[in-house]
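Trainee:
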Amino acid sequence: MKIQRIRIKGFKVFKEAEIQNLSNPSVFLGANGSGKSSLFDALSFLSDAVKEDAASAVSRRGGFKEIVSKGQTDDITFEIGFQNHDTNVTYTLSVGLDKNHPVVKKEVLRADACELMNFNKGEGIAVSNEEEYEAGKPKKTEEQLLDAPDILALKGLGQFRRFKTASSLRKLLEKWHVLDFDIHEVRLTRRSLADGHLTSTGDNLAYVAQYIYQNHPAIFDEILGKMRKQIPEFSDIEPVETVDRRVILQFKDRKFGTPFPPRHVSDGTLKLFAYLLLLHDPRPYPLLCVEEPENHLHPDLLPELAEEFREYANRGGQVFVSTHSPEFVNALKVEELSWLTRKEGFSKVSHAEDDPVIRALCEAGDPLGALWTQNYLKGGGIR
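Residue 100 in the working numbering is what sits at position 14 of the sequence shown, and the numbering runs on without skipping anything.
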């Protein structure tokens with residue numbers, strides 16, 4: 087199930103915005119403050135609300151006043167359109183205040199023209215014979231009552247297999263992952279393996295490297311091969327367990343025989359290794375959002391990194407990336423790029439493929455990053 091369309095109303099800088107025909111991968115650029123981080127936070131909000139509840143997702147962000155668009159008092163609404171094989175699935179969630187407490191004002195799930203569930207403040211109806219209905223039998227609905235008005239029906243009903251689409255969508259949203267590597271945390275490696283995936287900050291890098299090294303040696307060798315290709319001085323990495331059962335990474339340089347720990351490794355080398363581990367995960371995230379992957383990396387490495395994101399998408403994951411790098415953008419196809427602009431304080435999203443001039447220039451061989459720096463992406467300023 088892949089995201090095809092996103093509509094956001096009343097969330098942070100998005101008074102009302104819609105993104106259609108999303109490619110995989112999709113890359114978003116724009117000036118500082120244009121809304122790239124807010125877009126990813128909208129997706130993260132949905133994931134948090136499913137994993138916990140709407141009130142917790144609001145609280146994580148400082149309260150309702152901190153996330154509702156400036157000057158707005160209405161509900162916050164998200165509408166996500168998915169492609170699930172031959173079926174168009176649409177999920178709508180509105181969150182607002184009831185006696186100053188965040189509640190689910192509206193939650194609707196549709197598969198093509200069929201409304202599978204419709205809830206308000208923890209009460210609603212849901213189709214109870216979805217598979218039979220798909221086979222041509224009459225639709226049956228049941229009234230459902232959740233434990234609290236801030237709990238999502240997707241979370242409650244999604245635990246039961248008979249609510250097939252809700253169950254699939256719940257599992258999908260719970261595994262959405264927004265990543266913003268902190269090079270300081272990556273270098274220290276303070277956390278254990280957790281669920282076998284890299285955390286959002288990368289602070290369990292050594293433990294994930296050990297997991298891949300021990301359980302997927304062919305993947306680990308492939309990662310090392312790509313490291314050697316991109317960084318000629320690089321020789322090897324080995325996860326080593328210490329006497330107190332911590333895991334540290336030992337790096338080797340072609341010119342020196344003695345291995346050395348991460349504190350003596352350049353930010354770029356460590357960051358590239360972290361991205362390659364992430365993008366060769368044997369269990370890819372259904373949606374991976376990465377903010378500014380170009381940080382700490384030499385511009386010459388960025389075209390290969392863009393291709394790695396593309397390969398990750400081809401292996402089954404969906405990838406959204408934000409960037410400020412023309413070198414990274416140069417490696418993109420026109421259908422993969424969108425940009426965000428602010429007008430009167432609120433953001434809108436434009437798609438490069440929809441601009442006939444940009445499309446024609448790309449077809450003639452002009453790279454997108456160069457067009458960006460030459461101001462062909464109107465409002466998507468480099469600064």
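In this text, a Cβ means the ideal position worked out from N, Cα and C, and glycines have one as well.
Between residue 122 and residue 158, how many whole angstroms is the CB-CB distance? I'm expecting something under 8 Å.
Mentor: Not confirmed; about 21 Å, so no contact.
Trainee: Does the stretch 397–411 come close enough to the stretch 430–439 that 3 or more CB-CB pairs lie under 8 Å?
Mentor: Not touching, per the Cβ criterion.
Trainee: Consult DSSP for residue 269 and reduce its assignment to one of helix, strand or coil.
Mentor: In the structure shown, residue 269 sits in a helix (DSSP, three-state: H, G or I).
Trainee: Use the C-beta contact count for residue 118: other C-beta atoms within 10 angstroms, 16 or more gives buried, fewer gives exposed.
Mentor: Counting Cβ neighbours within 10 Å, residue 118 comes out exposed, since fewer than 16 surround it.
Trainee: Less than 7 Å between the CB of residue 207 and some heavy atom of the ligand COA, yes or no?
Mentor: Absence of the ligand COA is noted for the structure shown, with no ligands found whatsoever.
Trainee: Within the same chain, show all residues whose beta-carbon is closer than 6 Å to that of residue 244, passing over the 5 residues directly before and after it, in chain order.
Mentor: Taken in chain order, the residues that qualify are 252, 253, 256.
Trainee: Could you pull out every residue in the same chain whose Cβ sits closer than 6 Å to the Cβ of residue 296, ignoring the five residues on either side in sequence?
Mentor: So the list reads 325, 333, once near-sequence residues are dropped.
Trainee: According to the neighbour-count rule (16 or more other Cβ atoms, all chains shown, within 10 Å of its Cβ), is residue 99 buried or exposed?
Mentor: When all chains shown are included, residue 99 counts as buried.
Trainee: Output the residue ranges of the beta strand (DSSP E) runs that lie fully inside the stretch 188–261 and measure 3 residues or longer, sorted by chain position.
Mentor: Qualifying beta strand (DSSP E) stretches, in chain order: 200–206, 209–213, 227–231.
Trainee: Could you check the C-alpha separation between residue 126 and residue 260 for me, to the nearest Å?
Mentor: Taking the straight line joining both Cα atoms gives about 15 Å.
Trainee: Can you give the beta carbon distance from residue 410 to residue 390, rounded, assuming they're within the 8 Å contact cut?
Mentor: Residue 410 to residue 390, Cβ: 18 Å. No contact.
Trainee: Find the nearest neighbour of residue 87 within the set 372, 120, 463, 357, judged by alpha-carbon distance.
Mentor: Considering only alpha carbons, the answer is 372.
Trainee: Reducing DSSP to helix, strand and coil, say where residue 369 ends up.
Mentor: It is coil, neither helix nor strand.
Trainee: Among the residues of its own chain, which have a CB less than 7 Å from the CB of residue 338, if the five just before and after it don't count?
Mentor: 321, 322, 345, listed in sequence order.
Trainee: Count the C-beta pairs between the stretch 145–160 and the stretch 195–206 that are closer than 8 Å, then say yes if the count reaches three, no if not.
Mentor: Contact between the stretch 145–160 and the stretch 195–206 is absent, because fewer than three Cβ pairs lie under 8 Å.
Trainee: Let me know if residue 392 comes out buried or exposed under the rule of 16 or more other beta-carbons within 10 Å of its beta-carbon.
Mentor: The residue in question, residue 392, is buried, as its Cβ has 16 or more Cβ neighbours within 10 Å.
Trainee: Can you list, in chain order, the stretches of the alpha helix (DSSP H) that have 4 or more residues and sit fully within the stretch 324–407?
Mentor: Listed in chain order, they are 353–365, 388–400.
Trainee: Assuming residue 188 and residue 207 are in contact, meaning their beta carbons sit under 8 Å apart, how far apart are those beta carbons, in whole angstroms?
Mentor: Going by Cβ atoms, the distance from residue 188 to residue 207 rounds to 11 Å, so no, they are not a contact pair.
Trainee: Taking just the CA atoms, how far does residue 387 sit from residue 469?
Mentor: Unreliable placement is indicated for residue 469, whose pLDDT of 48 sits below 50; the coordinate value is still reported in the next sentence. Roughly 22 Å separates the two Cα atoms.
Trainee: At the level of alpha carbons, what is the spacing between residue 166 and residue 343?
Mentor: In a straight line, the C-alpha of residue 166 is about 53 Å away from that of residue 343.
Trainee: Alpha carbon to alpha carbon, how far is residue 354 from residue 233?
Mentor: When rounded, the distance between both Cα atoms is 48 Å.
Trainee: Among 282, 462, 314, which residue has its Cα nearest to the Cα of residue 299?
Mentor: Closest option to residue 299, Cα to Cα, is 282.
Trainee: With H, G and I counted as helix, E and B as strand and the rest as coil, what does DSSP make of residue 315?
Mentor: If DSSP states are grouped into helix, strand and coil, residue 315 belongs with the helices.
Trainee: Quick check: what's the CA-CA separation for residue 132 versus residue 340?
Mentor: If I take the Cα positions, the gap works out to 46 Å.
Trainee: Going straight from the alpha carbon of residue 150 to that of residue 144, what length do you get?
Mentor: Each residue's alpha carbon lies about 6 Å from the other.
Trainee: Report yes or no: do three or more beta-carbon pairs, one from the stretch 420–435 and one from the stretch 100–115, lie closer than 8 Å?
Mentor: Yes, since at least three Cβ pairs between the stretch 420–435 and the stretch 100–115 fall closer than 8 Å, the two stretches touch.
Trainee: Can you tell me where the alpha helix (DSSP H) holding residue 459 begins and where it ends?
Mentor: From DSSP, the alpha helix (DSSP H) with residue 459 extends over 454–459.
Trainee: Shortest alpha-carbon distance to residue 431 belongs to which of 141, 315, 156?
Mentor: Ranking the options by Cα distance to residue 431, first place goes to 156.
Trainee: Figure out for me which residue from 219, 183, 186, 179 has the closest Cα to the Cα of residue 194.
Mentor: Residue 194 has its Cα closest to that of 179, out of 219, 183, 186, 179.
Trainee: Should residue 212 be labelled buried (16 or more other beta-carbon atoms within 10 Å of its own) or exposed?
Mentor: When all chains shown are included, residue 212 counts as buried.
Trainee: Could you check where the alpha helix (DSSP H) with residue 293 kicks off and where it finishes?
Mentor: Start and end: 291–301.
Trainee: Between the Cα of residue 368 and those of 146, 310, 148, 398, spot the shortest distance and give me the residue it belongs to.
Mentor: With distances taken between Cα atoms, residue 368 lies closest to 398.
Trainee: Just verifying my parser: in three-state terms, what is the DSSP assignment at residue 181?
Mentor: It is a strand residue.
Trainee: For a test of the three-state rule: what should DSSP assign to residue 117, helix, strand or coil?
Mentor: Of the three classes helix, strand and coil, the one that applies to residue 117 here is coil, per DSSP.
Trainee: Note down, in chain order, each residue of its chain lying with its Cβ closer than 8 Å to the Cβ of residue 316, except the 5 sequence neighbours on either side.
Mentor: Closer than 8 Å at the Cβ level, and outside the excluded window around residue 316, lie 358, 387, 390.
Trainee: With a threshold of 16 other CB atoms inside 10 Å of the CB of residue 348, please say whether the residue is buried or exposed.
Mentor: Classification for residue 348: buried.
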